[in-house]
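Read the structure below first, then the notes.
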Amino acid sequence: MRTITMSLLWAWLLLAGGVSAAERPNILFIAIDDQNDWIGCLGGHPQVQTPHIDRLAARGTLLANAHCQSPLCNPSRTSLLTGLRPTTTGVYGLAPWIREVEQFKSWETLPQFFSRHGYRNYSTGKIYHGGYGRTKQDREFEVIGPPAGVGVKPPAKLVQTPNNHPLVDWGVFPHRDEDKGDWHVADWAIGQLEAGPREPFFLSVGFFLPHVPCYATERWFDLYPEETLQLPRVQAGDRADTPRFSWYLHWKLPEPRLKFLREQNQWRNLVRSYLACTSFVDSQVGRVLDALERQGLADKTIVVLWSDHGWHLGEKEITGKNTLWDRSTRVPLIFAGPGVARGARCDRPAELLDIYPTLVELCGLPAKPGLEGHSLVPQLQDAQAPRTWPAITTHNHDNHGVRSEHWRYIRYADGSEELYDMRADPNEWVNLAADPKLAEIVAEHRAWLPATSAPPAPGSRHRILIYRDGQANWEGQDIGANEPIPEL
Numbered sequence: 058m059r060t061i062t063m064s065l066l067w068a069w070l071l072l073a074g075g076v077s078a079a080e081r082p083n084i085l086f087i088a089i090d091d092q093n094d095w096i097g098c099l100g101g102h103p104q105v106q107t108p109h110i111d112r113l114a115a116r117g118t119l120l121a122n123a124h125c126q127s128p129l130c131n132p133s134r135t136s137l138l139t140g141l142r143p144t145t146t147g148v149y150g151l152a153p154w155i156r157e158v159e160q161f162k163s164w165e166t167l168p169q170f171f172s173r174h175g176y177r178n179y180s181t182g183k184i185y186h187g188g189y190g191r192t193k194q195d196r197e198f199e200v201i202g203p204p205a206g207v208g209v210k211p212p213a214k215l216v217q218t219p220n221n222h223p224l225v226d227w228g229v230f231p232h233r234d235e236d237k238g239d240w241h242v243a244d245w246a247i248g249q250l251e252a253g254p255r256e257p258f259f260l261s262v263g264f265f266l267p268h269v270p271c272y273a274t275e276r277w278f279d280l281y282p283e284e285t286l287q288l289p290r291v292q293a294g295d296r297a298d299t300p301r302f303s304w305y306l307h308w309k310l311p312e313p314r315l316k317f318l319r320e321q322n323q324w325r326n327l328v329r330s331y332l333a334c335t336s337f338v339d340s341q342v343g344r345v346l347d348a349l350e351r352q353g354l355a356d357k358t359i360v361v362l363w364s365d366h367g368w369h370l371g372e373k374e375i376t377g378k379n380t381l382w383d384r385s386t387r388v389p390l391i392f393a394g395p396g397v398a399r400g401a402r403c404d405r406p407a408e409l410l411d412i413y414p415t416l417v418e419l420c421g422l423p424a425k426p427g428l429e430g431h432s433l434v435p436q437l438q439d440a441q442a443p444r445t446w447p448a449i450t451t452h453n454h455d456n457h458g459v460r461s462e463h464w465r466y467i468r469y470a471d472g473s474e475e476l477y478d479m480r481a482d483p484n485e486w487v488n489l490a491a492d493p494k495l496a497e498i499v500a501e502h503r504a505w506l507p508a509t510s511a512p513p514a515p516g517s518r519h520r521i522l523i524y525r526d527g528q529a530n531w532e533g534q535d536i537g538a539n540e541p542i543p544e545l
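Quick look at the structure:
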């Protein structure tokens, strides 16, 4: 007879109505900005050191094939927190804030739902994009701590990039970990835990790094010696079999191309900086998890750790996000605590959109109507449980990626397509969409494309691509059919 763990027993009691509202599990909701799968337990980079996140995965379930709904901060976080797809909200760019979209002014978000059901809602750092949702007037959170930010900066930029955006910078300079924005975010969260928060609580902790500028102290740089650092694997001419339209999704952006990194001898420095920042953020996650354990709260708190999207570091000839490939869409997603199996890895596709209904079910709360994700509770209790749905990522109007367990399919607004066998070709180097032998696979994935796609919401701006009547338009400027790709 199988042994019933305490966490699964608690889940059974919740679902059976055997636990009172006052005894419902707490939620520690940890977000990391621009964090791709360069996490130890995900194996995205062979040298990355993230012992604290790995420790969390070891005491919970790692969703190893989890993907964002949009490879950009605002639409991704909007989707996760509303439980609605970008194709429903029309939020595709860094603006608008969801409360500026008329039909969603009163939509009950994830933190609001838990507040209504008796949870005390605390938040610090970046949960929504930028400063969205952080004022008392927004009514998203009840207790609000320090905002997200890089913290101390060097006197001048360390790297002069083509567009020279003030945030696009990286490297090491003399400063202390204690002066970084994420240290202050962790400090505040630890303070709330040590003060004895009213239970049940929903504590959101949003870290800024490894978002650019990727500044780290020497301590973290020393983890990745330059002489042994491994760069991402890239293939010459990788984009030759991808549609021209794939470039339109990141036509002109502050993040530099691989060409610049090579010419300026900055590729190794950027990779090292990103890894160093990832390990620093891991240490801050560890500080918060340690505080949770010291206060005796770990066994009655569901911890969910996620990132809003991934980040390229030379793959596909670019840096940054804004693509429909795995490097941009695949993210860490870990659940641990009551109702979650320990030490499990699930390779079924999962979406950030699934977090809302999953937490609702894990906490034994009534289902929220209208959510477009699907609860992951079956997979959190049995990592091998079947799952019908793929993960769907959208970037701007009518560009979609469909990620199943073994395949990635992409369809752009002009009808061009890509297909990758993720078992044989995890780097997505060989586009198989035109292979007649795989027509059935293409059709199966094509069937999951959203049936409708809302136009960009009023006030949409920043990284907005529109395709209409055969014409692509980036940020208000038409793209010529033979126009050279910028900075290549």
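Just so we're aligned, residue 58 is where the sequence shown starts under our numbering, counting upward by one. Beta carbons are placed, not taken as given, at the ideal position from N, Cα and C, and that holds for glycine. Everything numeric in this text was worked out from a predicted model, so none of it was measured.
Taking the C-alpha atoms as reference points, what is the distance between residue i and residue j?
{"i": "V216", "j": "W363", "result": "29 Å"}
{"i": "W164", "j": "T139", "result": "7 Å"}
{"i": "D82", "j": "L99", "result": "For the sequence presented, residue 82 should be read as Pro rather than Asp. Cα to Cα, the separation comes out at about 27 Å."}
{"i": "H232", "j": "Y272", "result": "9 Å"}
{"i": "L141", "j": "K162", "result": "14 Å"}
{"i": "R468", "j": "V388", "result": "21 Å"}
{"i": "L51", "j": "G97", "result": "As displayed, the chain neither begins before 58 nor continues past 545, which places residue 51 out of reach and without an answer."}
{"i": "E544", "j": "P414", "result": "43 Å"}
{"i": "K214", "j": "G187", "result": "22 Å"}
{"i": "F170", "j": "Q534", "result": "40 Å"}
{"i": "D404", "j": "E429", "result": "21 Å"}
{"i": "D478", "j": "N484", "result": "9 Å"}
{"i": "E80", "j": "L119", "result": "26 Å"}
{"i": "L495", "j": "L306", "result": "26 Å"}
{"i": "R480", "j": "H463", "result": "6 Å"}
{"i": "L266", "j": "P493", "result": "44 Å"}
{"i": "R173", "j": "R255", "result": "15 Å"}
{"i": "Q528", "j": "I536", "result": "7 Å"}
{"i": "N122", "j": "G175", "result": "32 Å"}
{"i": "D347", "j": "Q292", "result": "42 Å"}
{"i": "E199", "j": "T146", "result": "25 Å"}
Given a cut-off of 7 Å, decide if residue j and residue i are closer than it, judged by their beta-carbon atoms.
{"i": "W277", "j": "F230", "result": "no"}
{"i": "L409", "j": "C130", "result": "no"}
{"i": "T386", "j": "P128", "result": "yes"}
{"i": "C115", "j": "G343", "result": "The sequence given here places Ala at residue 115; Cys does not occur at that position. Cβ distance not < 7 Å, so A115 and G343 don't count as in contact."}
{"i": "G396", "j": "L433", "result": "no"}
{"i": "E197", "j": "P168", "result": "yes"}
{"i": "H268", "j": "D90", "result": "yes"}
{"i": "P406", "j": "P447", "result": "yes"}
{"i": "D236", "j": "V209", "result": "yes"}
{"i": "K117", "j": "I391", "result": "According to the sequence displayed, residue 117 carries Gly and not Lys. The answer is yes: Cβ separation under 7 Å."}
{"i": "V225", "j": "P103", "result": "no"}
Going by other Cβ atoms of all chains shown within 10 Å of its Cβ, with 16 needed for buried, is residue i buried or exposed?
{"i": "N453", "result": "buried"}
{"i": "Q249", "result": "buried"}
{"i": "K373", "result": "buried"}
{"i": "P223", "result": "exposed"}
{"i": "G75", "result": "Note that G75 has pLDDT 49, beneath the 50 cutoff, so the model's placement of it is unreliable and the number below is only indicative. Counting Cβ neighbours within 10 Å, G75 comes out exposed, since fewer than 16 surround it."}
{"i": "G101", "result": "buried"}
{"i": "D339", "result": "buried"}
{"i": "H109", "result": "buried"}
{"i": "A398", "result": "buried"}
{"i": "K193", "result": "exposed"}
{"i": "R319", "result": "exposed"}
Which residues in the same chain as residue i place their Cβ atom closer than 7 Å to its Cβ, once the five residues preceding and following it in sequence are excluded?
{"i": "N326", "result": "W227 and G228"}
{"i": "L370", "result": "P289, L327, V328, Y331 and T376"}
{"i": "I521", "result": "Y149, G150, N453, P513 and E532"}
{"i": "R191", "result": "I201 and P204"}
{"i": "S461", "result": "P406, P447 and H502"}
{"i": "T445", "result": "none"}
Can you name, in chain order, every residue of its own chain whose Cβ lies under 6 Å from the Cβ of residue i, other than the five neighbours on each side?
{"i": "I523", "result": "N530"}
{"i": "R156", "result": "K162"}
{"i": "V459", "result": "P447, I449, Y466, H502 and W505"}
{"i": "P352", "result": "Strictly speaking, residue 352 in this sequence is Gln, with Pro absent from that position. Hits under 6 Å: L250."}
{"i": "N220", "result": "P311"}
Once the 5 residues before and after residue i are set aside, which same chain residues still bring their CB inside 8 Å of it?
{"i": "P541", "result": "none"}
{"i": "P300", "result": "Y469, D471, S473, E474 and E475"}
{"i": "Q341", "result": "D239, W240, V242, A243 and F264"}
{"i": "T509", "result": "T144"}
{"i": "L354", "result": "N83 and L250"}
Would you verify that the beta carbon of residue i is, or is not, closer than 7 Å to some beta carbon of chain B?
{"i": "A511", "result": "Of the protein chains in this structure there is only one, and it is not chain B."}
Decide if the segment 85-95 is in contact with the segment 254-264; the criterion is three or more beta carbon pairs, one per stretch, under 8 Å apart. Short answer: they touch.
Does the segment 172-185 come close enough to the segment 234-250 that 3 or more CB-CB pairs lie under 8 Å? Between the segment 234-250 and the segment 172-185, the count of C-beta pairs closer than 8 Å reaches three or more; the two stretches touch.
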